[in-house]
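Report on the following structure.
Numbering (the working numbering), first residue to last: 7 to 96.
Laid out in structure tokens, this is it:
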């Protein structure tokens, strides 16, 4: 999962993620250009961030809480890092 939790947010809103490395996708929501994605709050608990193939490094992702009327309710950032390690399942 994405690892973002919200308090006191209506399920009618959305979370907008910006400053993504081009080619990044999420398992829910819709892209908003090459480096942004919009995820309905109702899907937030099940969404995962998928970096581009062979991406190793960090992303400083911008987070915007969008209310039901699309007004910005809050802003924050989140750092996510990929090391290239592969889980073997052992």
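Ideal Cβ positions, reconstructed from N, Cα and C, are used throughout, including at glycine.
| Query | Result |
| --- | --- |
| Opposing strand residues paired with residue 80 [DSSP bridges] | 71 |
| Simplified DSSP state of residue 42, which is helix, strand or coil | coil |
| Selection from 26, 30, 10 and 12 that minimises the alpha carbon distance to residue 59 | 30 |
| Residues sharing a beta bridge with residue 62, DSSP | DSSP output for residue 62 lists no bridge partner at all. |
| Helix, strand or coil at residue 26 [DSSP, three-state] | coil |
| DSSP-derived helix/strand/coil call for residue 48 | helix |
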